[in-house]
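K.L.:
Take a look at this one; I'll ask things after.
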Amino acid sequence: MFLRIYSGILLLGLSVSHVFADNKISSNQFNPAISVILNGSYTQFTNDPDNYSISGFALAEETGPGEEGFSLGESELNISANVDDLFYGHITVALTPENSVEVEEAYFETLGLGDGLTIKGGRFFSGIGYLNQHHAHSWDFVDQPLAYKAMLGGQLSDDGLQVRWLAPTDTYLEFGIEGLRGDGFPAGNAANDGKGTMTVFTHIGGDINQSQSWSAGLSFISAEADARETGSPAETFTGDSEMLILDIIWKWAPEGNIKQENLKLQAEYFSRDEEGLYAGNNYDASQSGYYLQAVYQFKPKWRVGLRYDALSADDPGVAFAGTALDTLGHDPERWSAMIDWSRSEFSRLRLQYNIDDSNPDQDSQFYVQYTMSLGAHGAHRY
Amino acid sequence: MYKKIILLLGFILLPSLVQAQLRIFACEPEWAALSMELGGDKVSIYQATSAFQDPHHIEARPSLIAKMRRADLLVCTGVGLEEAWLPLIIRRASNGKVLEGQPGHFMAALQVSRLDIPINVDRKHGDVHPQGNPHVHLDPNRLLKIANDLSKRLVAIDADNKAYYLQRLESFSTKWRSQIANWEKLAKPLQGIDVVVYHKDWLYLFEWLKINVVATIEPKPGITPSAGYLTIMKQQLLQKPAAMVVFARYQNDKASRWLSEKMKYPLVELPYTVGGNKESSSLTKLFDSTIQLLLRALKEKDQKQ
């Protein structure tokens, strides 16, 4: 009997939504949105990128300045679609120039669960910070800020579950919590039986007036590493890593019309405490860092950007001399300037110049980069 | 002490308990205005963009997500106009009521027949819309059809106020039909004239007013013209002259201004939507102002010759 009632209600619901839903004309409406991102660069560095280091920091893979000369970057395949009325799915596959396949993201997310709740599961970029959830092709610079490279191995992406709640307020206010496997740097090797990382974050934002909007966030990461290896020759870390990230963004466009002219200012501050065993010695130290960035579109298609990075690591002690954690009495810092031209929102050519003092041997880095997107391209995050 | 707290809580919660108003998220000013006409005091409307903003390019920012979160009905254009920002906002707002396929998801352009549906869809043609040109609101006949469908949707979502919505539709329709007749009479001199436009915003307006577009300043939709392209366009217009150059309030006027100066054509900045100029404070006044500005430019051109 309940089955009859249930199917009756279901049929009624379906018929109501059919009568009052919009007219769809396309016959391929179930096809997922597929897009491919191509990017490559020509670079010139004064120092050998193989010798790259950031003083005082153990670096994960792929955090260097890149290849010298002509090179293909990672080609990205993105596929997304609604699975049914409750779920949405997305996958980002990176095809590396060395011909390997990396699953960057592969997750499902709930749609309209109710009460502002969303659940996401699978592999995804963690919701911490501001830049962490932005894909490489939407970055304003060729590379990540030093703080992201040094403390998050580029970007924190891991397998797990995310629950977030959007408050029913006029000011955007979101809370989120994640339970992750613990493979993504600064965690390592799925410690704690594959529950090695936990994050908590909150973001708030709104409009100041018609021309200005803002967003800010506070995030906390608690990660466990189990024999995490970095560097060559490898140095191992087993212990806890706790991070706090503060992010703030401000955007301006005359009358809110971003098409003509717009300005974005952003900053993120990182603070990390690590404790455990590093390269066989007891280790307990903190690092911090931040970046400030301004990107200005002065006329349609043209933008310029300026960024400053600064990092600082505690002197870990004489036991770590010669390891990656040896600060060499040097606080890493870097200046970056870029100009880019976009024929449309699907293509971009960029010139960038870095004065990189990540380590005591200053490096000048010059980049020419192209980014092209083919196919159905989703919207970019704020 | 506890009594005071309960009283205070009640005072704070009372407005949200009493407020039975339907919350509408209107993407563009024209839909906010139409929702106001049809919904009256039974609806509370949030207008996401203004007449000064290019609706193709809007930031999917926190304030829009927060407002979408509590919306009961989403009224937008669709057909790809908002594809650069709206789908992301809908996903992040965690609101099941406004998902595609739900009664709370209303796309105006899908309610009417559309022009300019491309034979093949290729990005080399610029920013084309596979389902046709989305700028449907500037044909008052299509607007009337959309009003009918929107009113039906209001009734579907908020059946308790059915009589009220039907009455408002009735009074809007009667007024609107007589206005269409007036506008057509007033705009008769515009029939058959040739104009240059900046972007293909005016397709539906010009189909109704029987105005011809001889050239579009954007070489392809969404692509700003280069100086070289404008020079070629100037040459072509010497063979096929036009009466005026038309662009929208939200568009950059540089290219349009250059061409109008070089060709000695009147330059017409049209409001495009409600709020685009001081006079266009409602849908009716939007059409009043638009026709007036076009007629004035035609007189200016005739006087020059």
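Protein chains in written order, with our numbering: chain A, 252 to 633; chain B, 5 to 309.
Virtual Cβ for every residue (Gly too), placed ideally from N, Cα, C.
Of the residues that make up the region 93 to 109 of chain B, which ones have a beta carbon closer than 9 Å to any beta carbon in chain A?
P.N.:
Flagged, chain order: I93, I94, R95, R96, A97, S98, N99, G100, K101, V102, L103, E104, G105, Q106, P107, H109.
K.L.:
Taking the DSSP output, what are the residues bridged to D524/A?
P.N.:
Bridge partners of D524/A: E493/A, S537/A.
K.L.:
When you check each C-beta in the region 300 to 331 of chain A against every C-beta of chain B, which residues fall closer than 8 Å?
P.N.:
Cβ contacts with chain B: none found.
K.L.:
Quick check: what's the CA-CA separation for G573/A versus Y534/A?
P.N.:
Each residue's alpha carbon lies about 15 Å from the other.
K.L.:
Assess contact between the region 204 to 216 of chain B and the region 133 to 152 of chain B, defined as three or more Cβ pairs (one per stretch) separated by less than 8 Å. Is contact present?
P.N.:
Output reads yes: the region 133 to 152 of chain B touches the region 204 to 216 of chain B.
K.L.:
Less than 8 Å between the CB atoms is what I'm expecting for L158/B and W180/B, so what's the real figure, rounded?
P.N.:
That belief does not hold up - the Cβ atoms of L158/B and W180/B are roughly 17 Å apart, past 8 Å.
K.L.:
As a quick exercise: from D608/A, D560/A, N610/A, H628/A, pick the residue whose alpha carbon is nearest that of Q395/A.
P.N.:
Closest by alpha carbon: D560/A.
K.L.:
Which same chain residues, not among the five before or five after T294/B, have their C-beta less than 6 Å away from its C-beta?
P.N.:
Excluding residues within five positions, the ones whose Cβ falls inside 6 Å are L274.
K.L.:
Does D164/B come within less than 9 Å of chain A when only Cβ atoms are used?
P.N.:
Output row for D164/B: interface = no.
K.L.:
For the beta strand (DSSP E) that contains I295/B, what are its first and last residues?
P.N.:
Segment 287 to 308 is the alpha helix (DSSP H) holding I295/B; no beta strand (DSSP E) there.
K.L.:
Applying the criterion that 16 or more other CB atoms from any shown protein chain within 10 Å of the CB defines a buried residue, is S98/B buried or exposed?
P.N.:
Its Cβ being crowded by 16 or more others within 10 Å, S98/B is buried.
K.L.:
In angstroms, rounded to a whole number, what distance separates the CA positions of L265/A and V102/B?
P.N.:
For L265/A, the predicted model reports a pLDDT of 39, less than 50, meaning its position is unreliable; a value from the coordinates is still stated below. Going from the Cα of L265/A to the Cα of V102/B covers about 16 Å.
K.L.:
Does the distance from the CB of S537/A to the CB of A564/A come in under 9 Å?
P.N.:
Yes, Cβ-Cβ distance for S537/A and A564/A is below 9 Å.
K.L.:
Can you list the residues of chain A that F61/B reaches, using a CB-CB cut of under 9 Å?
P.N.:
Note that residue 61/B is His in the sequence shown here, rather than Phe. Result: N508, I509, K510, E596.
K.L.:
With H, G and I counted as helix, E and B as strand and the rest as coil, what does DSSP make of D45/B?
P.N.:
Reduced to three states, the DSSP call for D45/B is helix.
K.L.:
Against L417/A, what residues of chain B qualify as contacts under a CB-to-CB distance less than 8 Å, listed in chain order?
P.N.:
Near L417/A (Cβ distances below 8 Å), the residues of chain B are I69, A70, R73, R96, A97, S98.
K.L.:
Start and end of the alpha helix (DSSP H) containing S155/B?
P.N.:
144 to 161 is the extent of the alpha helix (DSSP H) around S155/B.
K.L.:
For D164/B, which of helix, strand or coil comes out of DSSP?
P.N.:
Note: D164/B maps to helix in three-state DSSP.
K.L.:
What number of angstroms, rounded off, separates the C-alpha of F617/A from the C-alpha of S609/A?
P.N.:
Each residue's alpha carbon lies about 16 Å from the other.
K.L.:
Once you ignore the five residues that flank L299/B on each side, which residues in its own chain have a CB closer than 8 Å to its CB?
P.N.:
So the list reads L190, A191, P193, L194, once near-sequence residues are dropped.
K.L.:
Any beta carbon from chain A within less than 9 Å of N145/B's own beta carbon?
P.N.:
No, its Cβ sits nowhere closer than 9 Å to a Cβ of chain A.
K.L.:
Looking at the unbroken beta strand (DSSP E) that takes in T235/B, where does it start and where does it end?
P.N.:
T235/B -> not in any beta strand (DSSP E); alpha helix (DSSP H) instead, spanning 231 to 243.
K.L.:
According to DSSP, simplified to helix, strand and coil, what is G445/A?
P.N.:
Correct three-state label for G445/A: helix.
K.L.:
So, for G468/A: in the same chain, excluding its five sequence neighbours on each side, which residues have a beta-carbon less than 6 Å away from its beta-carbon?
P.N.:
The residues are H454, D498.
K.L.:
Does the region 227 to 241 of chain B come into contact with the region 249 to 262 of chain B, if we say contact requires no fewer than three beta-carbon pairs (one atom in each stretch) closer than 8 Å?
P.N.:
Output reads yes: the region 249 to 262 of chain B touches the region 227 to 241 of chain B.
K.L.:
Flag this pair as yes or no: are the beta carbons of A160/B and P107/B separated by less than 9 Å?
P.N.:
For A160/B and P107/B, yes; Cβs fall inside 9 Å.
K.L.:
Expressed to the nearest angstrom, what Euclidean distance is found between the alpha-carbon atoms of S278/A and L407/A?
P.N.:
Unreliable positioning characterises S278/A in this predicted model, as indicated by a pLDDT of 49, which lies under 50. The coordinate reading is nonetheless provided below. Computed Cα separation, rounded: 39 Å.
K.L.:
Sorted by chain position, which residues of the same chain lie with C-beta nearer than 6 Å to G82/B's C-beta, five sequence neighbours on each side aside?
P.N.:
For G82/B, where only same-chain residues beyond five positions count, the Cβ hits under 6 Å are M111, A113, L114.
K.L.:
According to DSSP, is K8/B helix, strand or coil?
P.N.:
In this structure, K8/B counts as helix in the three-state DSSP scheme.
K.L.:
Measure from the C-beta of R261/B to each C-beta in chain A and report whether the shortest distance is under 9 Å.
P.N.:
Not an interface residue.
K.L.:
Using beta carbons (cut-off 9 Å, strictly below), is F251/B in contact with chain A?
P.N.:
For F251/B, the answer is no, since every Cβ of chain A falls outside 9 Å of its Cβ.
K.L.:
Please state whether DSSP places D607/A in a helix, a strand or coil.
P.N.:
Three-state DSSP puts D607/A in a strand.
K.L.:
Does any CB atom of chain B fall closer than 9 Å to the CB of H386/A?
P.N.:
Chain B contact via Cβ: absent.
K.L.:
Suppose you measure from the CA of P611/A to the CA of F549/A; what does that come to, to the nearest Å?
P.N.:
Taking the straight line from one Cα to the other gives about 35 Å.
K.L.:
Looking only at its own chain, which residues have a Cβ that is under 7 Å from the Cβ of E584/A, when we skip the five neighbours before and after it?
P.N.:
D560, A561, D608.
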